[in-house]
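What follows is a set of notes on a single structure, which appears directly below.
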Amino acid sequence: MGALPDAMAREMTLVISTATVSLQTQLIEKDIPDLIEATDLMLTVALAKGRRRYLCPIRLEAALETLTEGQAIYPDELTLVLDSDDREVVSDLAKAWAQGQWAGDMDQIPQVISESVKTAITTDHRRCQGRSCRHFHVCPYFNERESWLDADLLVINHDLLMSDLKLGGGVILPPLERMILIIDEAHQLARVASDQFTAHCRIAQSLGAIKTIDRVINTLKGLLPTEHRLSNDLERLNQPLEGFGHLLANWGKASLERLKAYPDTAYVFQNGGSRYRLTLAECFSVETDGFEPMTTTLGRIQKVRDWLKSLVSQGDQELMPETDAELLSEQISMALGRLESIPELVVAFSNDAMDSGDARWLRIGQDVRYATPDDPTDLEFWVSPMEPAGALSDALWGRIGACILTSATLAHHGEFVIPAGTLGLPVNSGLVVAGAFHYQSQGRLVISRFAGDPRDDRAHAQRIADYLATRIDQNIGMLVLFTSWRLCFQVEELLDAAVREVTLVQGQKPMAALLNDHELRRKQGQISIIFGLQSMAEGLDLPGDLANEVVITRLPFQPPDDPREATLAEYLKNQGRDPFRELSLPAATIRLRQAVGRLIRSESDTGQVTMLDRRLVNTRWGQTLLKELPAFEFVEE
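So that you can map any letter, position 346 of the sequence shown is 345 in numbering that gives the first Met the number 0, and since no number is skipped, the others follow by simple counting.
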């Protein structure tokens, strides 16, 4: 509120970035309207989301054309074959959109839809034809984007902010220099930024992308006259592409042979596959000279793509039907997107990371749709910054007009040293504001007699189920938070029938529908229990009787197999520092404080946080965590 007059006086756009789309919706539908009503402010507000949050009319059209054939929608999406249920969903959505019953916002679909359907009918910035598209004027994404231009207050999410930064800034959003940016839930920014600046390739997909580009090139060579200005570039692409494919396959083969020499203890096994993390000093050498011409080749492919996009815009029907140009443009754009990061990956894996500090890892056997664990084309190469400080310093902090970072859990021990270092932000000014709640009288923190050591999964799941059975006679709203789907499903299987009947599990239906069911039960005076993961531990607003009790099933430490966390831990160890104290414990503190914060949402709320992980009181580091929590009345059973 305080930034609005300043932004208006400077003719700058006030932008609020928050962690999730659900929090955006809460701001747009509740918080900001309440503010406007209370202050009589005159301002225009808009909500901004990425392309994949909206229907793409071109993709929908292509999906509808394949419904009766059961074939892949695009040749380079060999696995995207919709089953009968998915085809029915696509058909229903198409009718709803055509009849004006649905505006094309993917977050407004009332039922849960599969990832295959989402992929089939949405697009991204690489494949989008933009203003060249024949459906541009009815495109849900661009129709919404028009409202962003005139907004006094623009509400975005961290993913969209980082996507814009990766494109150079000011491409999707207003220019950074003309923006006053408020980053809400700022403790999430580092993770989102690291994800956005991560590069990866899967050998199988990359080889498929090369074949797609080769097919597009051969199609164009058959259509264009020899004197066409693009003909020379087309002729010079086939051989380099074939050579690049051989290099990729050989890189995968050599890397796989090297991985086979490692003992099983070097891997993290999950989902039927495995992952190997390179140490900072390690490298998987590759003949980089062979990859260097690929930069030139990629430049030529970009030239072909740009020409196809211009052809779509001009609509030269004599040269090529518009629909063919659209399809070829989308195919080459998607394929190019799968190749652009390979030069960066080759360099990262061919050198040690002692100076760069990059986290690097390989995955294999993750998806049987592509290959088997013995096939080198099933390898994935990943590289990501340990921390996004460098990337954010260059892309954001040096350019932004003004910025404020806020979060209930941003400070650690009352200081901002850790988040400032992680984000590459000098601490010019920081302020810890005391909350308005009187925790001592409003709530209790109970270490339950059912609490135990959670490292025995099955026994711990049984303890959780046993505890919930003791609460079934209470007229309460309960939020039970888990650190993994595995534990969540284990507990669900062990529930008494009476408890299962009143339990709603995250993912069973869209979040809005799940919360509506929960609220309806509570209004009717019934007990209602929600099972949720970390995403429900942050930003979820369940005031009053919607959450009389929050149950923490396990202290929220990050899994030790996360490659970025493990690389940063190795880096700290090499410097003689303690990664548990400097990395794991502060991160767990933030997540635990967020989870506990779901209980008291107003000055009139009361309730209980129940802890089922006894390590909070049985360990020295647990006592450190305990001191960071709100000053509830403490009860140990």
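We put the CB at the ideal spot given by N, CA and C, even for glycine.
| Query | Result |
| --- | --- |
| Which residue comes first and which comes last in the alpha helix (DSSP H) that contains ASP39? | Looking at the DSSP string, ASP39 is not in any alpha helix (DSSP H), and its letter there is neither H nor E. |
| Whose C-beta lies closer than 6 Å to the C-beta of SER16 among residues of the same chain, with five residues either side of it excluded? | ILE155, HIS157, LEU160 and ILE182 |
| Round the Cβ separation of PRO56 and HIS134 to the nearest angstrom and send it over; I've been treating them as touching at under 8 Å. | 4 Å |
| My assumption, with CB atoms under 8 Å, is that SER115 sits in contact with ASP85. Please give the rounded CB distance. | 5 Å |
| Considering GLN607, what are the terminal residues of the alpha helix (DSSP H) in which it resides? | Run containing GLN607: none in the alpha helix (DSSP H); it sits in the beta strand (DSSP E), 606-612. |
| Would you call MET353 buried or exposed, if buried means 16 or more other Cβ atoms sit within 10 Å of its Cβ? | exposed |
| To the nearest whole angstrom, what separates the beta carbons of SER193 and ARG563, a pair I think is in contact under 8 Å? | 6 Å |
| Where do the N-terminal and C-terminal ends of the alpha helix (DSSP H) with SER349 fall, by residue? | 341-349 |
| Pair every Cβ in the segment 230-246 with every Cβ in the segment 209-222, then say whether three or more of these pairs are closer than 8 Å. | yes |
| To which residues of the same chain is TRP101 closer than 6 Å at the C-beta, ignoring the five residues directly before and after it? | ALA95 |
| If contacts are defined as beta-carbon pairs under 8 Å, then ARG499 and MET333 qualify, I think. What distance do you get, rounded to the angstrom? | Contact doesn't hold; Cβ gap of about 43 Å is too wide. |
| Helix or strand or just coil, what does DSSP make of CYS487? | helix |
| Tell me the residue span of the beta strand (DSSP E) that contains PHE380. | 379-384 |
| Helix, strand or coil for ALA664, going by three-state DSSP, please let me know. | The structure shown does not extend to residue 664, since the chain is modelled only from 0 through 636, so no value can be given for it. |
| Going by DSSP, what residue range makes up the beta strand (DSSP E) through HIS199? | 198-201 |
| Tell me, please, whether the segment 29-42 touches the segment 166-176 by the rule of three or more beta-carbon pairs shorter than 8 Å. | no |
| Please list the terminal residues of the continuous alpha helix (DSSP H) segment that includes THR482. | Here THR482 belongs to no alpha helix (DSSP H), and DSSP marks it neither H nor E. |
| Is GLU386 buried or exposed, if buried means 16 or more other CB atoms sit within 10 Å of its CB? | buried |
| What residue range is occupied by the uninterrupted beta strand (DSSP E) comprising ASN156? | 152-156 |
| Among residues of its own chain, excluding the 5 on either side of THR294, which ones have a beta-carbon nearer than 8 Å to its beta-carbon? | PRO342 |
| For the segment 127-215, which segments carrying the alpha helix (DSSP H) assignment without a break, of at least 4 residues, lie completely within its bounds, in sequence order? | 139-148, 157-165 and 188-195 |
| Distance, Cα to Cα, ARG228 vs PRO292? | 22 Å |
| Excluding sequence positions up to five away, which residues of its chain have a Cβ less than 6 Å from the Cβ of PRO4? | none |
| Using the three-state DSSP reduction, which class does THR639 fall into: helix, strand or coil? | Residue 639 is absent from the structure shown; the chain starts at 0 and stops at 636. |
| Between the alpha carbons of GLU184 and LEU219, how many angstroms are there, rounded? | 49 Å |
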